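If you count the sequence shown from 1, position 68 lands on 67 in numbering that gives the first Met the number 0, and the numbers rise without skipping.
So the structure is just underneath, and the comments pick up after that.
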Amino acid sequence: MFQQRLTETSGLARACLHDAIRNDGVLAEAMRYATAGGKGLRGFLVMESARLHGVSDQRSVRPAAAIEAVHAYSLVHDDLPCMDDDDLRRGLPTVHRKWDEATAVLVGDALQTLAFELLTHDAVGDARVELIATLARAAGQAGMVHGQALDIAAETAPIPLNIDEIIALQAGKTGALIRWSAEAGALMASADPAPMRDYATAMGLAFQIADDILDVEGNAQTVGKAVGKDADAGKATFVSLLGLNAAKTRAAELVEQACDALAPYGQDAETLREAARFVIQRDR
Numbered sequence: 000m001f002q003q004r005l006t007e008t009s010g011l012a013r014a015c016l017h018d019a020i021r022n023d024g025v026l027a028e029a030m031r032y033a034t035a036g037g038k039g040l041r042g043f044l045v046m047e048s049a050r051l052h053g054v055s056d057q058r059s060v061r062p063a064a065a066i067e068a069v070h071a072y073s074l075v076h077d078d079l080p081c082m083d084d085d086d087l088r089r090g091l092p093t094v095h096r097k098w099d100e101a102t103a104v105l106v107g108d109a110l111q112t113l114a115f116e117l118l119t120h121d122a123v124g125d126a127r128v129e130l131i132a133t134l135a136r137a138a139g140q141a142g143m144v145h146g147q148a149l150d151i152a153a154e155t156a157p158i159p160l161n162i163d164e165i166i167a168l169q170a171g172k173t174g175a176l177i178r179w180s181a182e183a184g185a186l187m188a189s190a191d192p193a194p195m196r197d198y199a200t201a202m203g204l205a206f207q208i209a210d211d212i213l214d215v216e217g218n219a220q221t222v223g224k225a226v227g228k229d230a231d232a233g234k235a236t237f238v239s240l241l242g243l244n245a246a247k248t249r250a251a252e253l254v255e256q257a258c259d260a261l262a263p264y265g266q267d268a269e270t271l272r273e274a275a276r277f278v279i280q281r282d283r
């Protein structure tokens, strides 16, 4: 059920996002290129959390497209030479490799602003302002961008980060957008977002631990990007601090926490439970 719903929601969100990319030319082409692949997990979380709270796909598809736009912008900028300097993303040349660095910067800028335009649509409903405000916080200086700044600082820190510092870093860099995605449906329904927040906090951390494991065990061709970079850089990760087996155990425990957080929704939340299990079973 999860894979079917993931395919459905990712297709709807991508179509909505690409429809919103106006005009022709290099910028529009590169924006569509940057958003053409990926799992669509964040958009799925928006639409499935909305469904769980009685909100239709017609209303939730624009917030789903918005979070996918923000996520794609973050990847385009993250891949730049001044950040991670990656040549591959999702098995294809990164935007700055396929075009150039200036185009990559503009693509990221355009996708970020487009996300907030999507949230202003009448179909989103009365939660528009709250969704805009909370996404701005999740994506900005208190969320994802803050996490990225901590990550960059950690690369040259004289003392490697400890486990608590890595958790705090990832709560921003990876976790903030995942939390927003899971809470969006509750916000649109004027419901208590706390259970979804607890679910997403545990799931987001499991997701990052799984990424660290893939950096050790993954195959670059399957993962779609370079692997082994963390170890080569001597970077502290969940795997380097906990050990591979303990990291896998911790990720599995977090998935169970995420599933337990959905208890108030009963069997209606089974697709979201499957999503939590998926994040530590994926190979990319």
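Positions of the beta carbon are idealized from the N, C-alpha and C atoms, including for glycine.
What you are looking at is a predicted structure, and each value in this text was computed from that prediction instead of being measured.
Exposed unless 16 or more other CB atoms sit within 10 angstroms - verdict on residue i
i, result
"residue 9", "buried"
"residue 59", "buried"
"residue 35", "exposed"
"residue 172", "buried"
"residue 154", "exposed"
"residue 15", "buried"
"residue 0", "exposed"
"residue 274", "buried"
"residue 199", "buried"
"residue 24", "exposed"
"residue 142", "buried"
"residue 131", "buried"
"residue 193", "exposed"
"residue 100", "exposed"
"residue 203", "buried"
Close-in-space but distant-in-sequence residues of the same chain around residue i (CB under 7 Å, 5 per side omitted)
i, result
"residue 246", "208, 211, 212, 237 and 238"
"residue 179", "66, 133, 134 and 137"
"residue 72", "107, 110 and 111"
"residue 276", "254"
"residue 41", "66, 67, 70, 176, 177 and 180"
"residue 201", "253, 256, 257 and 260"
"residue 145", "171"
Selection from the options that minimises the alpha carbon distance to residue i
i, options, result
"residue 50", "29, 185 and 165", "185"
"residue 30", "13, 38 and 41", "13"
"residue 62", "2, 119 and 263", "119"
"residue 92", "193, 32, 114 and 263", "32"
"residue 21", "262, 86 and 116", "116"
"residue 240", "250, 228 and 161", "161"
"residue 279", "18, 205 and 4", "205"
"residue 163", "192, 235 and 19", "235"
"residue 19", "54, 64 and 192", "64"
"residue 244", "215, 203, 17 and 121", "215"
"residue 195", "97, 263 and 99", "263"
Residues near residue i by beta carbon distance below 8 Å, same chain, minus five either side
i, result
"residue 26", "102, 105, 106 and 109"
"residue 52", "184, 185, 187, 188 and 190"
"residue 156", "none"
"residue 268", "51 and 261"
"residue 270", "0, 1, 4 and 47"
Inter-residue CB distance, residue i and residue j (contact presumed, cutoff 8 Å)
i, j, result
"residue 123", "residue 94", "Not a contact, Cβ separation roughly 28 Å."
"residue 11", "residue 56", "6 Å"
"residue 5", "residue 39", "6 Å"
Neighbourhood of residue i by C-beta, 6 Å cutoff - its chain only, sequence neighbours within 5 removed
i, result
"residue 84", "none"
"residue 197", "260"
Residue-level contact to chain D via CB, residue i, 8 Å cutoff
i, result
"residue 150", "Going by chain labels, chain D is absent from the structure shown, which holds only one protein chain."
Problem - Any 3 or more C-beta pairs closer than 8 Å across the region 143-153 and the region 164-172 - result: yes
Practice task
Decide yes or no for the touch test of the region 41-50 against the region 124-131: beta carbon pairs closer than 8 Å, at least 3 of them.
Solution key: no
Problem - Given 8 Å, three or more beta-carbon pairs between the region 256-264 and the region 170-177 - result: no
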